[in-house]
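One structure below.
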Amino acid sequence: MQMEKITAFIRQNLFAFILGAGSLGLFSFYSLNGKECFNCEQTQTFKPDQPGGRATTGLRFRHK
Numbered sequence: 004m005q006m007e008k009i010t011a012f013i014r015q016n017l018f019a020f021i022l023g024a025g026s027l028g029l030f031s032f033y034s035l036n037g038k039e040c041f042n043c044e045q046t047q048t049f050k051p052d053q054p055g056g057r058a059t060t061g062l063r064f065r066h067k
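For what it's worth, the working numbering labels the leading residue of the sequence shown as 4, then goes sequentially.
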């Protein structure tokens, strides 16, 4: 009975299992080959369009 519940759960969530295993596989592949998957270094900052401390509605990205 317990095995039937497990197989039913796997069948219902097969796509999620395949997607998760594929993502984990790609991450492992890139990590083991020395490539960066995620680079969290901050390269952009928000700065207002107009100086002076006033709140503006339009914020723009400006590269450092």
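Every residue gets a Cβ at the ideal spot worked out from N, C-alpha and C, and that includes glycine.
Remember, it's a predicted structure, so these values are computed and weren't measured experimentally.
Are the beta-carbon atoms of residue i and residue j separated by less than 8 Å?
i	j	result
F20	I9	no
Using DSSP with H/G/I as helix, E/B as strand and the rest coil, what is residue i?
i	result
M4	coil
G37	coil
The ligand ADP heavy atoms versus the CB of residue i: any closer than 7 Å?
i	result
R14	Looking for the ligand ADP in the displayed structure turns up nothing, as the structure carries no ligands at all.
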